[in-house]
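Going letter by letter, the sequence shown gives residues 487 to 890 in the working numbering.
Just so you know, even glycine gets a beta-carbon here, dropped at the ideal spot from N, CA and C.
These numbers come from a predicted model, not from an experiment.
A short worksheet on the structure shown next.
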Amino acid sequence: MEIEKNKANTSTTLRVDAASIQEIFNLTGQLVLLKNQLLENPEIKILSDPFLKGSLSDLDILIRKIEESVLSLRLTPIRSLFIKSHRVAQETAKKIGKDIEFHYEGEDTLIDREMIDTLSDIFPHLIRNSLDHGIESPSERIKLGKKETGTISLKAQKMGNEVIISITDDGRGIDRNKVIEKAILNGLLDPKMNISSLPDSEIFGLLFKSGFSTSEEITEISGRGVGLDVGKRIVEKLRGRIEIKNHPGQGLEILIILPLNTTIIDALVVEINRVKYLIAINEVIEIINLNGVTMGRVPASKKFIIYNERPVPLIEPNLLFSQDPLPPIGKSREVGIIFIHGGRPMVLKVDNIFTQSQIVLNPVKFEELLEKSFISGSAVLSDGLVSNLLDLHKMADFHLEMRD
Ligand SMILES: Nc1ncnc2c1ncn2[C@@H]1O[C@H](COP(=O)(O)OP(=O)(O)OP(=O)(O)O)[C@@H](O)[C@H]1O
Ligand SMILES: [Mg+2]
């Protein structure tokens, strides 16, 4: 172990072997699990001794603090990602003859080390998008009364348990009509439907489809229509989400919202066909009672529910799992889990919902196998049984592509 004194500020940093950190990590995971088993034990739950109860509650708080500190060992400032993006922006701008200013802020925001590596695959796509689709040529900008040089800004910010990273440009933004035109041409939208009533979120969701581009030709910079699709997949793999804020004529803002950690997470325990599954809480927008909501079916299409006065696709897991529905063990509550997929709400029907639980996710090694299922990890619950974490996005993708 090496100790370095940082001259600029007096903080001391330690160089620690990655394997040691992993070991502390695994041990903490086991500690959290054991604590959960202890606290949820029925015999413990009915304890009346106030002293013992107080000690257990202190133990809970202490272990949560240890867990937080251990998780923070994996965190590192996002700066390197911003610096790399700056370089990509300069190189691309030069290549296509555009002049830009590049700003960033919040570069000290801490984020999981592995996430930085993963995000390095997305950022060049987003920067190239801003330069190619967003920022106008210098002469066009002058004509529009804009500053001759365009601006791209990156910003990172911690908000509770999440980190929000934004990529903003002051270009032309997304032209809704151009997207609609292209989508009709590609058969993604039916010109007979009332397209003007579709919300922006639905129209912009099309940009995330693989192969969708508004460019007329494929260049080195863009036109293949894979940039946003890749970005969305990667962010969802990190259990985060992407949002688009469009300001027509003024620019585009892309928000990437990521959980602070992906190892010890809060999950909902749900029942589907008599099996318990886990759902990451940070993905859940709302939990609704499906009894009594208006359901419908678009002719020759899939079921939907009316949520916030709009039709929202309903995923029935039995169809995905190709199982005949079994009656739930207890009284079914027919619960709907609302989540955002590709910028749009979707609802997953589950038979029952139990408690919220803090889980320690087992690292997923057997990717191949998981590709074919809707599972993105597993965890031991406090009753000692292993339960699988549902990959809501894989389910949503499969549901949307499934034929009736
Ligand atoms: N910053 C931006 N400003 C305006 N429009 C954008 C911006 N970023 C993306 N878009 C729109 O989203 C579409 C999809 O982007 P995406 O990166 O997926 O594909 P592409 O850039 O056309 O091709 P490539 O896969 O080669 O990057 C673009 O064709 C463009 O219409
Ligand atoms: Mg692109």
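Task: Spatial distance of Ser873 from Ile801 (CA atoms) - done: Rounded to the nearest whole angstrom, the CA to CA distance from Ser873 to Ile801 is 20 Å.
Open item on the list: Beta-carbon within less than 6 Å of Lys718's beta-carbon, same chain only, minus the 5 sequence neighbours each way: which residues are those?
Closed with: Phe694 and Ile728
Task: Around ligand 2, Cβ to any heavy atom closer than 6 Å, ordered along the chain - done: His611, Arg614, Asn615, Ser708 and Gly713
Task: Segment contact, 8 Å Cβ cut-off, at least three pairs: the region 816-836 with the region 875-883 - done: Touching, per the Cβ criterion.
Task: Length of the line joining the Cα atoms of Ile743 and Ile651 - done: 6 Å
Task: Supposed close pair Pro797, His885 - CB separation, criterion 8 Å - done: Not really, about 14 Å apart at Cβ, beyond 8 Å.
Task: Span of the alpha helix (DSSP H), counted from its first residue to its last, around Gln508 - done: Ala504 to Leu525
Open item on the list: Using only the alpha-carbon positions, how far apart do Arg560 and Leu545 sit?
Closed with: 24 Å
TODO: Compute the Euclidean distance between the alpha carbons of Gln842 and Asn527, then round it to the nearest angstrom.
DONE: 15 Å
- [ ] State the Cα-Cα distance for the pair Gln844 and Leu617, rounded to the nearest angstrom.
- [x] 42 Å
- [ ] Determine the closest residue to Ile751 out of Ser639, Ile569, Val866 and Met888, with distance taken between C-alpha atoms.
- [x] Val866
Task: Neighbour-count burial assignment, Ser683, 16 or more Cβ in a 10 Å radius - done: When all chains shown are included, Ser683 counts as exposed.
- [ ] Please classify Arg727: does DSSP put it in a helix, a strand, or coil?
- [x] strand
Task: Segment contact flag, the region 630-641 with the region 752-759, C-beta cutoff 8 Å, min 3 pairs - done: no
Open item on the list: Restricting to Cα atoms, I'd like to know which of Gly673, Gly659 and Glu706 is closest to Phe690.
Closed with: Gly659
Open item on the list: Does the distance between the C-beta of Ser701 and the nearest non-hydrogen atom of ligand 1 fall short of 7 Å?
Closed with: Using a cutoff of 7 Å, the CB of Ser701 counts as near ligand 1, since one of the ligand's heavy atoms is closer than that.
Task: Three-state secondary structure (DSSP) of Gly636 - done: strand
Task: Three-state secondary structure (DSSP) of Leu876 - done: Per DSSP, reduced to three states, the secondary structure at Leu876 is strand.
- [ ] Look at the alpha carbon of Ala505 and the alpha carbon of Val665, and state the distance between them as a whole number of angstroms.
- [x] The alpha-carbon separation between Ala505 and Val665 amounts to approximately 48 Å.
Open item on the list: If I follow the unbroken beta strand (DSSP E) through Pro677, where does it start and stop?
Closed with: Neither: Pro677 is in no beta strand (DSSP E) and is coded neither H nor E.
Open item on the list: By the three-class DSSP mapping on this structure, what secondary structure does Pro831 have?
Closed with: Strand, per DSSP.
- [ ] Grab the span of the beta strand (DSSP E) containing Glu587 for me, first residue to last.
- [x] Ile586 to Glu591
Open item on the list: Quick check on the burial criterion: 16 or more other C-beta atoms within 10 angstroms. Buried or exposed for Leu738?
Closed with: With 16 or more other CB atoms across the displayed protein chains lying within 10 angstroms of its CB, Leu738 is buried.
- [ ] Can you give me the start and stop residues for the alpha helix (DSSP H) that Lys646 sits inside?
- [x] Per the sequence shown, residue 646 should be read as Gly rather than Lys. That residue, Gly646, is in no alpha helix (DSSP H); it is neither H nor E in DSSP.
TODO: Consult DSSP for Ile758 and reduce its assignment to one of helix, strand or coil.
DONE: DSSP places Ile758 in strand when its eight states are reduced to three.
Task: Close-in-space but distant-in-sequence residues of the same chain around Ala669 (CB under 8 Å, 5 per side omitted) - done: Leu675, Ile689, Leu692 and Phe698
TODO: Check whether the Cβ atoms of Thr637 and Leu596 sit closer than 8 Å, and answer yes or no.
DONE: no
TODO: Can you say whether Asn615 is buried or exposed, counting buried as having 16 or more other CB atoms within 10 angstroms of its CB?
DONE: buried
- [ ] Buried or exposed for Lys521, please, with buried defined as at least 16 other CB atoms from any protein chain shown within 10 angstroms of its CB.
- [x] buried
TODO: Given a cut-off of 8 Å, decide if Ile720 and Thr604 are closer than it, judged by their beta-carbon atoms.
DONE: yes
Open item on the list: Less than 8 Å between C-beta atoms, sequence neighbours within five positions excluded: which residues of the same chain meet that for Ile510?
Closed with: Only Val556 and Leu559 meet the Cβ criterion.
TODO: Compare the C-alpha of Phe840 against each of Leu764, Ala882 and Ser864 and name the closest.
DONE: Leu764
TODO: For Phe807, name the three-state secondary structure that DSSP assigns.
DONE: Three-state DSSP puts Phe807 in a helix.
Task: Reduced DSSP category for Arg573 - H, G, I as helix; E, B as strand; rest coil - done: helix
TODO: Return the bridge partner residues of Pro563 from the DSSP annotation.
DONE: Leu596
Task: Ile586 to Pro624 span [Cα, whole Å] - done: 10 Å
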